[in-house]
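Visitor: Next up is a structure, given as structure tokens.
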Amino acid sequence: MSITQAPLAYQATVGIVVAFLLYLVLFLAGYIEFDVSSLLTFYAFSVYTVSLAAVLGGVLLGMFIATRTLSTQGFTPFEVSMLRLKDDINSLQKEVKNITKLMENSNEEDNK
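Residue -7 is where the sequence shown starts when you use the numbering used here, and the numbers rise one by one after that.
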């Protein structure tokens, strides 16, 4: 799979991570300099971002766990209806095959 086939959100995430890593390398090499207030602002923003990601991750993980624990009780009503439809289709296919065989047999008898 090439990078152009990847979803746009994935491409954007990879781009942001690469840009951030390039920024860190330039900062560590001394090409980018900041004063103390800028570093404090960057640190506060970093703490906020990590906290937000942790809360959102916790919520999504909780939703996933809740969904998995509730889904062990059996099929949902939609899944049950789809299974019934599948059974109906299978029975109709068998009936059509039986009718086709009967018609072929009657055609063979008529030709004799």
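Every residue gets a Cβ at the ideal spot worked out from N, C-alpha and C, and that includes glycine. Just so we're clear, the structure is a prediction, and the values are computed from it rather than from any experiment.
1. In the stretch 28 to 73, which residue ranges form an unbroken alpha helix (DSSP H) of at least 4 residues, counting only runs that do not cross its ends?
2. Can you tell me whether E25 is helix, strand or coil according to DSSP?
3. Out of curiosity, what's the CA-to-CA distance linking G50 and R60?
4. What is the DSSP secondary structure of A(-2), counted as helix, strand or coil?
5. What number of angstroms, rounded off, separates the C-alpha of E25 from the C-alpha of Y15?
6. Can you give the Cα-Cα distance for K86 and F56, rounded to whole angstroms?
Guide: Looking at the coordinates:
1. Qualifying alpha helix (DSSP H) stretches, in chain order: 28 to 62.
2. Per DSSP, reduced to three states, the secondary structure at E25 is coil, with no helix or strand assignment.
3. Those two C-alpha atoms are separated by around 15 Å.
4. Reduced to three states, the DSSP call for A(-2) is coil.
5. The alpha-carbon of E25 is positioned some 11 Å away from that of Y15.
6. The C-alpha of F56 is placed about 41 Å away from the C-alpha of K86.
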